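Trainee:
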Amino acid sequence: MKEQLLLLVELQECDSQLVKILGKKKTLPDKIDKLDEAFRIFQKEIEQNKRKYDEVKIRHVECENKIKKINEGMIKTKERLLEVKNNKEYQAMLKENETAEVTRGDVETAIITILDELEKLSVLVKKDQAILDEQRKKYEEEKRLIEADLDSIDTDFVSWEQKRMELKGKVPADLLVRYERIKKSNNGVGVISVWKAICNGCHMNIPPQLYNELQKTSELIACPNCHRIMYYENRERTA
Ligand SMILES: [Zn+2]
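The opening position of the sequence shown corresponds to residue 62 in my numbering, with each subsequent residue numbered one higher.
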């Protein structure tokens, strides 16, 4: 390839890389935010069973406390029973004790159900935890990669910018003006590869004669359609 064209191709690579890097600098932090948010939602969703387990656990403690209170009340009733003065009072206390026993029985039944529920939930919680751990690993790995990418951006930018300045110094001024002008009106691409007679910028066919000329000449040829400076690239050889 002609030296000037080669310089332009390299310059184009620098320009394209710089655009890409600036784009990344804008989009990567958003990508991280989205990743964080997605994981947060996933975690909240999957921790439903855990929250339920905690609720039932609180109910269990409450029931145990209720039983403790009932037992204490029953002991007191028994103590008072010793000081009873008449039959009416005695009957009332027996009734009180009976009621307490029934209530205690109800609470004990409730506890059995609660323990059953806790057992089932703890199996689910364990499964969920394993899934969450797996997901967390994926999330953290993905985030680490994006952060590493983000970290390298500034260094990359400086080195591509430096290379660009060096190349600009080597390209003849009038050619540089031409390149910048074409680039500006063509979405940042002023130099484009052509393979199998198709311009890779506008995807139009290059007339056969021009395509032949492109492969032989040392002149700079523009795409008849998008006006980008073309260069022939044998993709079979580079692939
Ligand atoms: Zn074109």
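Using N, Cα and C, we set each Cβ at its ideal position, and we do this for glycine too. If you're wondering where the values come from, they're calculated on a predicted model, not measured in any experiment.
Since VAL255 is in the beta strand (DSSP E), which residue starts that stretch and which ends it?
Mentor: That run of the beta strand (DSSP E) goes 252-256.
Trainee: For ligand 1, which residues count as neighbours when the test is a C-beta closer than 5 Å to any heavy atom?
Mentor: After applying the 5 Å Cβ criterion, the set is CYS260, GLY262, CYS263, CYS284, ASN286, CYS287.
Trainee: Check this for me: beta carbons of LEU193 and ILE107, under 8 Å apart or not?
Mentor: Against a cut-off of 8 Å, the Cβ pair of ILE107 and LEU193 comes out as a contact.
Trainee: Over what stretch of residues does the alpha helix (DSSP H) that includes ILE119 continue unbroken?
Mentor: Note, ILE119: alpha helix (DSSP H), 109-142.
Trainee: Taking a contact to mean a Cβ-Cβ separation below 8 Å, would you say CYS260 touches MET291 in this structure?
Mentor: It is a contact, given that the beta carbons lie within the stated cut-off.
Trainee: Determine the direct distance from the alpha carbon of PRO90 to that of SER220, and round the result to whole angstroms.
Mentor: Those two C-alpha atoms are separated by around 22 Å.
Trainee: Would TYR240 and LEU72 be called neighbours here (beta carbons separated by less than 8 Å)?
Mentor: Yes, the Cβ-Cβ distance between TYR240 and LEU72 is below 8 Å.
Trainee: CA-CA distance, GLU157 and ILE172?
Mentor: Approximately 23 Å, taken between the alpha carbons.
Trainee: Work out the CA separation of LYS245 and GLY251 for me, nearest whole Å.
Mentor: Taking the straight line from one Cα to the other gives about 8 Å.
Trainee: Quick check: the segment 163-180 against the segment 116-124, are at least 3 beta-carbon pairs closer than 8 Å?
Mentor: Counting Cβ pairs under 8 Å, three or more are found: they touch.
Trainee: Strictly by DSSP, which residues pair up with MET226?
Mentor: None, per the DSSP bridge assignment.
Trainee: DSSP state of ASN158, grouped into three classes?
Mentor: Of the three classes helix, strand and coil, the one that applies to ASN158 here is helix, per DSSP.
Trainee: What first and last residue would you give for the alpha helix (DSSP H) that runs through ILE243?
Mentor: Counting along the chain, the alpha helix (DSSP H) containing ILE243 begins and ends at 234-245.
Trainee: Can you give me the Cβ contacts of LYS111 inside the same chain, cut-off strictly under 6 Å, excluding the 5 residues immediately before and after it?
Mentor: Answer for LYS111: VAL186, listed in chain order.
Trainee: Sort GLU297, GLN78, GLU195 by Cα distance to ILE214 and report the nearest one.
Mentor: The option with the nearest alpha carbon to ILE214 is GLN78.
Trainee: Short of 7 Å in beta carbon distance, which residues of its chain neighbour ASN293, apart from the five on each side in sequence? Order them along the chain.
Mentor: Inspection of the sequence shows that residue 293 is occupied by Tyr rather than by Asn. Same-chain partners within the cutoff: VAL255, LEU275, GLN276.
Trainee: Assuming contact is defined by CB atoms lying nearer than 8 Å, are ALA161 and MET135 in contact in what I supplied?
Mentor: Yes.
Trainee: Could you spell out the range, first to last residue, of the beta strand (DSSP E) harbouring ILE290?
Mentor: Here the beta strand (DSSP E) through ILE290 covers 290-293.
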